[in-house]
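Residue numbers (this note's numbering), protein chains in the order written: chain A, 7 to 349; chain B, 389 to 750; chain C, 10 to 344.
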Amino acid sequence: MSGDGLNERSGRGEERAPSAEKAKAGARPINPSGDGLNERSGDRPTLKSGRAIAWARRRAALADFVRLYSKQRAGVAGLLVLIVITAATVFAPFYTDESELRAVNAPGGRLESPNSTFWFGTDEVGRSILLQVIWGARVSLQIGIVAAVLAVGLGTLIGMTAAHFGGWPSWLLMRLTDWFIVLPNLVLAIALVVALGASRFTIIVAIALTSWAATARLVRAQTMAIEGRPYLERAKALGAGHWHQMSRHVLPNLMPLILAAATLQVSSAILAEAALSFLGLGDPSQISWGTLLERAFHAGAISYGAWWYMLPPGLAILFVVLAFTLCGRAMETVLNPRLRGSR
Amino acid sequence: MAIDPTARVPAAPTGAAGTSGNHDTPPGVGRPGSGSRREFLRFLGVKVSGAAVSLVLVLFSAFFIFRMIGGDPVRAIGGDAPMTPEQRAEIEERLGLNEPMTVQFWEYVRSLFTLDWGTSYVNNQQVTTLMWDRLPNTLLLTGTALVLAAGLGIWIGARAGWRPGSFFEKSQVGISLALWSAPTFWLGMIVIIVFSVQLGLFPVNGMRSGRGVADGFWPQFLDVSHHLVLPALTMAAVIYAQYVLIMRSSILEERGNDYLTVAKAKGLRDDVIRRRHAVPNALLPTVTLIALQFGAIFNGALLTETIFSWPGLGLLFYQAIRVPDIPLLQLLFVFFAGTTILANLFADIIYRFLDPRVRGTS
Amino acid sequence: MMPLLEIDDLHVTYRGSRGAIPAVRGLSFSLEPGETLGLAGESGCGKSTVAAAVLRLLPAGTEVTGRIMLDGDDVLTMTFGKLRAVRWAGASIVFQGAMHSLNPVHRIGQQIAEPIILHEKLSHEAAEKRAVELMAQVGLPTWRARSYPHQLSGGQRQRVMIAMALACSPKLIIADEATTALDVMIQAQVLKLIKTLVAERDIGLVMISHDLSVLADTCRRLGVMYAGKLVEHGPSHEVFAAARHPYAQALSAAFPTVGDPAERRNPHGLAGDPPDPADLPTGCPFHPRCPVVMAECDSTTVELRPARPDWQAACLRVEDNSAPTSTTAMALGET
């Protein structure tokens, strides 16, 4: 739900006050790919310098992006949270003992409440909750990110194809896209996982297959806008093939948008993974935040009042999802000030 | 939330209004009449046929997805008890699993028309019976949650969008983002542990207390309401967050518009401008976005009902996943998806009546 | 007699992310009841800001100093309650009747009736009846009361805006680019309508436009603004025909006299862009674009100085009672 269709208003009074909002919108539009120059690179003696200029432009655009992003406080906070969590996850083997995750090596007693040894208490077989949350991050983040990348990749492919070729294939693709946008994606994902059998791979596939549609719609609209630009018309007139047009001109321009979409997609993918795992469709051999919550639920943590069993994994999901969402929103705002956080 | 009532009255024939004054009818801006009716019917035709195609797609995918099942449905029925090949064949025969795929498919298509969706693997009941039994409970829960979330979310969202940059806006957006980021089922667990287990204010799960409640409407009503509070609030929380964010950005989009300056110049109070001028305009795009989000409501129902053991379709679906009970899953999948498609169709048509710019002429 | 509108040393400064942006810098004029004044200038010279300032419609955080006396009350210091009462009932604005000035989801009649219900406490029925009468007066078919804005043509929407401005019989109407978006024929009709209505009801009119010929045709007096200030102020026909300030000359020269062959050979225009309000030139703000600039122009601040008792211009070349200098006119022709 990125305010598409909402941004059709224009035509304001000539002397409308330069309110803070508008002044921001007036800040120079970013074209991080800095395209528009490199279509010359193919058949000109100035090939190198043309590329060099394009790269210089891209660097400048990137610097612009970083500068504007750093002004988005919520986005910076989200990024910091992500950096910390990623570091904690990556370095987990260096400061924790993985073997303690196995039930036979459980170091503590059954459902110990938080204490000095186990900061977040223990589960029903005496394993540290904190340890499981740290290791669970690996699976949750991995599934979330891979699924999001796949979904956005698929959405980009379908969106660009639909925009570029037109005709009945385009119509068909867009009908399919609408179909996927409308359907309850968790229900669909459950059906897929049930059908394919529960594993890390099928969860990723199920999430990706049920969440690409919004990206496809966004990419299609953007591609059509880019294809209308004069330099692409020129490239086409010079005989550039479909692949060249797409890979050299359209895709670089789409990249920032795709990146923002992917960041937001990670949020939904992590939530979807948690929900699937909670419903018992997770990989039984892996610990993720979702499976942790599932075990807590079935181990009777609720009636036992074992809040420490449920709070840490849930909060971990909340923080990571929130962090990804804040980053994605900040990116959207920087790239398209008119969007100004439409979610 | 006050919405100007006249803004949503369907187009009325205006012929009677033209009793005085000169009757100039500039080309292209004629009064709504038979032309617009034909236009509307065409619009209706496109939308309905689109929805029909989507529905057919759902029916087909329901067949193929659930035929891919990796597990062994016979095992699901017979349990882990050892089985003779004869018993096995008997079950396969009953389920029609011994037929070739094409025959199964035609059986499936035939079942769509006869509304015979088969029997549950678990208790031999007709799956349609199971669904109709549980449907009212789901409607009660989702309906309550939806009304709560929409009313509150649109109201708060409108106020937040009206004052961008204010503390109110920032805090409401923050709360909404946090609620959106929280997994529904986890929220439910926390709510149960705090309000039911620790404070003992509400029942832990279920929909009725069963024994100990007097017969008669009111005692039963109060009992169900008491059970409804926590699941409805949990389910509403996530939807609420989405509605706040959608409505806020819709209002933000409206804010720069000149007609609001005109309203201000007329001497209207700020809150009147918001309610009478900004909100009705901002609601239009919101309706569309909310309709697109409709499928997410079933996601929420599924998780909430599971956590609270609310005897609705979501819980039924959850129980069916665990088996897996294919005929039941198939039916529920078609029901969820079909309802969402119909809801979207409905929203498309409603929108036509709400927005004067697409209603009537042009 | 007390002036209807008296603006005294008005300064308006917007607060943007780039810092303070002065839009109006010391504007003063007054308007007697029933009098008509035109305000002209390029985009961004601050003329629309003046319109918004009179009813205090500027965005929150905008800095406004000076005095705006409307019918004896200071608009800038009055309470919100009083301000709301004055808005539309005391003075109304004819906004540019583009799509966005009318609420797209409300019917026309309703939108005209809205201020009547608010200020005159009439019932809905009575107010809608008045709205229909007003529509008839501005030449709109009355069944249009039940239409929505998108069903009307541009000229009709502008008439709606005029009917709306008349709704509470204000003593002052400010027309902000009221005819700009219309094509020439419709523009002439609407102008005629405004002229007649204002004369019939003895309403004071401040008309804002970039089109000097429109203003000269409609208003008795004419003010030309540049960079947030009046640079010329006098009887409209004379200012239009023989402006003293080089900028006003350029502005009036931008409208060719039809049938004059000399005009066709030497189309007039003004080089350069309007100055950036955040970064105004020193001295006379017009000097970088001025065709007859003098050495002292970039260092001397120049205020309005009388050219005749009823005519002022802010140019160092203007001397009391001097006729328009032919040299400046010729120099302008060369650019």
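Ideal placement from N, C-alpha and C gives every residue a C-beta, glycine not left out.
Here the structure is a predicted model, which means the values were calculated and not measured.
Nothing from the region 165–182 of chain C brings a Cβ to less than 7 Å from some Cβ of chain B. When C-alpha distances from A219 (chain A) are compared across A:Q271, A:Y75, A:G173, the shortest belongs to A:Q271. Boundaries of the beta strand (DSSP E) harbouring Q321 (chain C): 320–322, taken from the DSSP string. Take L690 (chain B), set aside five residues on each side of it, and the residues of its chain with a beta-carbon closer than 7 Å to its own are G702, F705, Y706, in chain order.
In the displayed model, A204 (chain A) falls within coil according to three-state DSSP, outside both helix and strand. Residues of the region 145–157 of chain C with a C-beta atom less than 9 Å from some C-beta of chain B are A145, G148, L149, P150, T151, W152, R153, A154, R155, S156, Y157, listed in chain order. Residue environment: Y101 (chain A) is assigned as exposed (fewer than 16 neighbouring CB atoms within 10 Å of its CB, all protein chains considered). The beta carbon of T221 (chain A) sits no closer than 8 Å to any beta carbon of chain B.
Taking 8 Å as the upper bound for CB-CB distance, I639 (chain B) and A670 (chain B) are in contact here, some 5 Å apart.
The alpha-carbon of L733 (chain B) is positioned some 49 Å away from that of E474 (chain B).
In the DSSP assignment, D17 (chain C) forms a beta bridge with C:R76. The beta carbon of N732 (chain B) sits no closer than 8 Å to any beta carbon of chain C. The beta carbon of A533 (chain B) lies closer than 6 Å to those of A620, M623, A624 in the same chain, with the five residues before and after it left out. When the beta-carbon positions are compared, L341 (chain A) and P262 (chain A) come within less than 8 Å of each other. According to the DSSP assignment, E241 (chain C) belongs to the beta strand (DSSP E) that extends over 238–244.
The three-state reading of DSSP puts G320 (chain A) in helix, counting H, G and I together. Checking the DSSP bridge columns, you'll see S597 (chain B) has no partner listed. Assigned with DSSP and collapsed to three states, V215 (chain C) falls in strand. Annotation: the region 593–659 of chain B contains the following complete segments of the alpha helix (DSSP H) (minimum length 4 residues), in chain order: 605–643, 646–653.
Beta-carbon to beta-carbon, L85 (chain C) and V59 (chain C) are separated by about 13 Å, too far to satisfy the 8 Å threshold. By the neighbour-count criterion, in which a residue is buried when 16 or more other Cβ atoms sit within 10 angstroms of its Cβ, P290 (chain A) is exposed. Note that the region 628–647 of chain B touches the region 546–560 of chain B; at least 3 beta-carbon pairs, one per stretch, sit closer than 8 Å. Among the CB atoms of chain C, none fall inside 8 Å of the CB of A735 (chain B). Counting along the chain, the unbroken beta strand (DSSP E) around G47 (chain C) starts and ends at 45–49.
Distances from the alpha-carbon of S218 (chain C) to those of C:R34, C:S52, C:F38, C:Y23 put C:S52 closest. Listed along chain C are F104, Q105, A107, H109, S110, each with a C-beta nearer than 8 Å to that of D646 (chain B). E137 (chain C) and Q198 (chain C) have their C-alpha atoms spaced approximately 25 Å apart. The alpha-carbon separation between L282 (chain A) and L589 (chain B) amounts to approximately 30 Å. Residues are counted here when their Cβ sits less than 7 Å from a Cβ of chain A; for the region 720–731 of chain B these are F721, F724, A725, T728, I729, given in chain order. When the alpha-carbon of F696 (chain B) is set against those of A:W314, A:I59, A:F303, the nearest one is in A:F303.
L691 (chain B) sits in a helix when the DSSP states are folded into three classes. In this model, R663 (chain B) and E642 (chain B) are separated by some 12 Å (Cα to Cα).
From the beta-carbon of N669 (chain B), the residues of chain C found nearer than 8 Å are N112, P113, V114. Between H115 (chain C) and G655 (chain B) the beta-carbon gap is near 16 Å, outside 8 Å, which marks them as no contact. Apart from sequence neighbours up to five positions away, the residues of its chain that approach V87 (chain A) with a beta-carbon distance below 7 Å are F325, A329, ordered along the chain. DSSP places S697 (chain B) outside both helix and strand once states are collapsed to three, so it counts as coil.
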